[in-house]
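Worksheet: the structure to be examined is printed underneath.
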Amino acid sequence: MSNILWKSLVVSPAVLGATLLLSSSAYAAPNTATTETAKVETSTATVFTAVTPIEAAQKPELFAQTQTQQTEVNTLDQINKYSNEGKGNSQGQVTSVSQFSDVQPTDWAFQALQSLVERYGCIAGYPNGTYRGNRALTRYEFAAGLNACLDRVNELIATATADLVTKEDLATLQRLQEEFSAELATLRGRVDALEARTAELEANQFSTTTKLVGEAIFAVTDAFGDQAGDRNNTVFQNRVRLDLQTSFTGKDVLHTRLASGNANRLDLGTPGGANGTSEGLQTFNIGDTGNNVSLDWLAYYVPVGPAQLYVAATGGIHSDYAATNNPYFEDYDGGNGALSTFASESPIYRVGGGAGAALNLPFGKGGGILKPSSITVGYLASEANRPSATPGEASQGTGLFEGNYAALGQVNFNLGERVALAATYVHGYHGAGSTLFDSGGVAGTGDVPNLDGIGSLNRNLGVVGTNQSNLMSNTNASSSNSYGASLAFRPSDKLSISGFVSYHDVTGFGSDDDYEAWSYGLGVALPDFGKKGNVLGIFAGAEPYSLARGGSGNRDIPYHIEGFYKYRISDNISITPGVIWLTAPGQSSNNDDAFIGTLRTTFTF
2 MSNILWKSLV
12 VSPAVLGATL
22 LLSSSAYAAP
32 NTATTETAKV
42 ETSTATVFTA
52 VTPIEAAQKP
62 ELFAQTQTQQ
72 TEVNTLDQIN
82 KYSNEGKGNS
92 QGQVTSVSQF
102 SDVQPTDWAF
112 QALQSLVERY
122 GCIAGYPNGT
132 YRGNRALTRY
142 EFAAGLNACL
152 DRVNELIATA
162 TADLVTKEDL
172 ATLQRLQEEF
182 SAELATLRGR
192 VDALEARTAE
202 LEANQFSTTT
212 KLVGEAIFAV
222 TDAFGDQAGD
232 RNNTVFQNRV
242 RLDLQTSFTG
252 KDVLHTRLAS
262 GNANRLDLGT
272 PGGANGTSEG
282 LQTFNIGDTG
292 NNVSLDWLAY
302 YVPVGPAQLY
312 VAATGGIHSD
322 YAATNNPYFE
332 DYDGGNGALS
342 TFASESPIYR
352 VGGGAGAALN
362 LPFGKGGGIL
372 KPSSITVGYL
382 ASEANRPSAT
392 PGEASQGTGL
402 FEGNYAALGQ
412 VNFNLGERVA
422 LAATYVHGYH
432 GAGSTLFDSG
442 GVAGTGDVPN
452 LDGIGSLNRN
462 LGVVGTNQSN
472 LMSNTNASSS
482 NSYGASLAFR
492 PSDKLSISGF
502 VSYHDVTGFG
512 SDDDYEAWSY
522 GLGVALPDFG
532 KKGNVLGIFA
542 GAEPYSLARG
552 GSGNRDIPYH
562 IEGFYKYRIS
572 DNISITPGVI
582 WLTAPGQSSN
592 NDDAFIGTLR
602 TTFTF
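Take 2 as the starting number for the sequence shown in the numbering used here and just add one per residue.
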């Protein structure tokens with residue numbers, strides 16, 4: 002082959018191009034049928050660096066990845082590769098095959114490459130010292146190789162003193178052209194087809210900077226027990242999220258998320274009726290809009306030097322930017338983690354939310370036992386968009402700094418490759434009639450007990466915990482100081498253990514408005530249980546409770562025990578059956594235990 006190529010240098014650039022194309026395709030042939038794709042999971046292989054939704058979209062380093070082998074070339078992958086030809090792939094001439102870090106003497110094409118590089122100077126490499134011979138040749142790369150060979154042709158013409166081509170050589174080249182005419186025609190047709198498809202996509206594309214990431218949840222759920230069973234019927238509920246992710250520099254991400262759903266809460270028989278408790282609330286219950294479409298999250302992540310800045314205009318929560326250290330259970334209230342809001346993350350991240358900003362500052366270089374860790378500070382206000390209060394409203398505080406807010410500080414340590422821990426502090430201000438664990442009011446409003454008197458009031462609902470731990474004074478504002486710790490331990494790739502504890506000290510601005518609340522939980526997850534991508538999870542603990550506010554008969558700890566099994570049907574579909582067992586709902590052993598059964602199907606696209 003090398004002898005023919007040498008003689009073709011002075012015959013015809015067209016023949017040279019055909020020869021180069023065939024030889025380059027041959028080099029790529031053993032691997033062009035294999036494509037590696039990474040599917041982001043909710044779990045981590047190195048699970049303990051601060052993980053945020055932007056990282057869920059951009060990372061491949063922080064999350065466990067799976068690789069699938071494709072026996073057919075995906076058309077969209079072809080078009081994407083073809084449309085990106087020539088971008089950031091500058092090539093340079095090399096003088097020795099040893100300059101290629103990815104070419105070894107044991108490679109089957111080593112000697113052919115050695116001849117082309119060292120004898121004829123017709124092969125170019127990439128700036129990082131690679132040849133990338135295990136993939137298909139692009140048109141830009143072909144042009145670079147052809148240019149190098151044409152330079153060699155000019156050199157030979159200028160220095161040649163005798164005829165280098167004989168009639169036998171020409172006959173050989175003609176025979177080769179005839180022999181490979183079918184392959185050349187096929188390649189030409191394939192390129193023409195890709196050009197047509199690319200032109201069609203470019204003419205009708207949504208955006209060059211924006212991609213759509215969607216999730217749809219179908220859930221069949223019911224509650225069982227003497228009280229809960231009589232109060233609930235089996236329901237079929239849904240929630241859909243469409244996240245438009247826009248990047249302007251390749252390192253930043255603007256999230257514009259639309260949501261719609263109809264997942265109402267279950268009635269566990271506690272005071273206040275169906276809308277009166279947050280115990281056993283499932284993640285897809287967040288976003289009940291009656292199937293109306295709403296903008297539920299608008300946020301921007303951008304690097305600032307070594308740090309990462311998070312700015313939320315609406316729908317921000319603390320776990321958007323702070324590490325929760327709860328792998329396989331946390332999924333940003335999506336449909337691929339735990340069933341409940343309690344098992345997915347520590348309640349301390351549910352204190353406040355809305356609009357604001359946060360900064361994640363990394364530290365630690367990873368040379369010793371301390372791996373890259375982070376310091377995080379953030380501020381979110383749930384009434385940031387309101388310049389003034391509604392006339393007659395009990396709470397007159399509004400705006401970014403005068404209304405309800407929560408300020409977070411956290412230190413997250415990664416110790417070695419398998420242990421992480423975090424210490425978290427949140428200070429909050431809450432106007433009259435507020436709820437402690439309201440995530441900025443994302444759960445909407447409903448009728449809940451009036452702790453200042455008889456009857457119920459319409460106010461923001463909590464997303465986790467009992468009414469006693471959630472509901473603040475209806476007549477006076479309050480402040481809160483919350484302290485939390487979380488730990489994640491991964492003994493092996495098939496086992497993850499995580500847990501948290503949080504303490505909440507609420508100080509009311511009126512008499513007898515003070516109270517304390519506690520919460521704790523421990524989870525065990527078995528990733529890839531039964532099949533790659535599956536997760537078996539068990540979580541147990543106490544949802545936020547306040548025994549001092551329980552009164553007579555309402556001073557029992559409400560335990561939460563949850564088990565689920567996420568079965569992955571494909572990269573885009575998973576089915577999760579699960580059960581939640583709640584003891585002493587409403588902090589009262591007089592209330593029968595409640596059992597919640599759910600079959601959740603999640604589609605991601």
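Even for Gly, the Cβ is constructed at its ideal location relative to N, Cα and C. Predicted model only: the values in this text are computed from it and were never measured.
Item                                                                                                                                                                                 : Value
Is the beta carbon of residue 238 less than 8 Å from the beta carbon of residue 260?                                                                                                 : no
According to DSSP, simplified to helix, strand and coil, what is residue 348?                                                                                                        : helix
Using a Cβ-Cβ cut-off of 7 Å (strictly less than) and excluding sequence neighbours within five positions of residue 190, which residues of its own chain qualify?                   : none
Would the stretch 312 to 320 count as touching the stretch 398 to 405 if we require 3 or more Cβ pairs under 8 Å?                                                                    : no
Anyone know if the C-beta pair for residue 586 and residue 270 falls short of 8 Å?                                                                                                   : yes
Just the Cα atoms here: how many angstroms apart are residue 407 and residue 382?                                                                                                    : 6 Å
Can you tell me where the beta strand (DSSP E) holding residue 111 begins and where it ends?                                                                                         : Run containing residue 111: none in the beta strand (DSSP E); it sits in the alpha helix (DSSP H), 111 to 115.
Report the three-state DSSP secondary structure of residue 172 (helix, strand or coil).                                                                                              : helix
Straight-line CA distance for residue 48 to residue 192?                                                                                                                             : Summary for residue 48: the model assigns pLDDT 38, below 50, so the residue's position carries little reliability; its value from the coordinates is reported in the next sentence. Distance between the alpha carbons of residue 48 and residue 192: 42 Å.
Using only CA atoms, which one of 478, 370, 218 lies nearest to residue 242?                                                                                                         : 218
Rounded to a whole number of angstroms, what is the C-alpha to C-alpha distance between residue 336 and residue 285?                                                                 : 7 Å
Helix, strand or coil, according to DSSP, for residue 198 in the structure here?                                                                                                     : helix
Does the Cβ-Cβ distance between residue 352 and residue 427 come in under 8 Å?                                                                                                       : yes
Quick one: what does DSSP say residue 517 is sitting in, helix, strand or coil?                                                                                                      : strand
With the cut-off set at 8 Å, would you say residue 518 and residue 475 are in Cβ contact?                                                                                            : no
Whose C-beta lies closer than 6 Å to the C-beta of residue 442 among residues of the same chain, with five residues either side of it excluded?                                      : 383, 461
At the level of alpha carbons, what is the spacing between residue 300 and residue 246?                                                                                              : 10 Å
I need the DSSP call for residue 279, collapsed to helix, strand or coil.                                                                                                            : coil
Since residue 329 contacts residue 102 with CB under 8 Å, what's their CB separation in whole angstroms?                                                                             : No, residue 329 and residue 102 are not in contact; Cβ-Cβ is about 37 Å, not under 8 Å.
If contact is defined by three or more beta carbon pairs under 8 Å, each pair taking one atom from either stretch, is the stretch 524 to 537 in contact with the stretch 493 to 511? : yes
Are residue 373 and residue 307 close, meaning C-beta to C-beta below 8 Å?                                                                                                           : no
Identify every residue that forms a DSSP beta bridge with residue 408.                                                                                                               : 380, 428
Find the nearest neighbour of residue 255 within the set 235, 298, 356, 557, judged by alpha-carbon distance.                                                                        : 298
How big is the Cα-Cα spacing for residue 368 and residue 415?                                                                                                                        : 12 Å
Can you say whether residue 210 is buried or exposed, counting buried as having 16 or more other CB atoms within 10 angstroms of its CB?                                             : exposed
Out of 107, 570, 583, point me to the one whose CA is closest to residue 465's CA.                                                                                                   : 583
Which residue's Cα is closest to the Cα of residue 376: 203, 424, 404, 386?                                                                                                          : 424
Helix, strand or coil: which one does DSSP assign to residue 1?                                                                                                                      : Here the chain has residues from 2 to 606 only, and residue 1 is not among them.
Are there three or more Cβ pairs, one per stretch, closer than 8 Å when the stretch 478 to 495 is compared with the stretch 569 to 578?                                              : no
I need the DSSP call for residue 269, collapsed to helix, strand or coil.                                                                                                            : coil
Once you ignore the five residues that flank residue 470 on each side, which residues in its own chain have a CB closer than 7 Å to its CB?                                          : 437, 518, 545, 546, 547
Can you give the Cα-Cα distance for residue 390 and residue 200, rounded to whole angstroms?                                                                                         : 53 Å
Where are the alpha helix (DSSP H) runs, 4 residues long or more, that stay fully inside the stretch 308 to 346, in chain order?                                                     : 342 to 345
Just to confirm my understanding: we take residue 421, look at its own chain, exclude 5 residues before and 5 after, and list those with CB closer than 6 Å. What are they?          : 49, 326, 415, 489
Since residue 420 sits in a beta bridge, which residues does DSSP pair it with?                                                                                                      : 416, 490
Within the continuous beta strand (DSSP E) that includes residue 401, where are the two ends?                                                                                        : From DSSP, residue 401 is part of no beta strand (DSSP E) but of the alpha helix (DSSP H) over 400 to 403.
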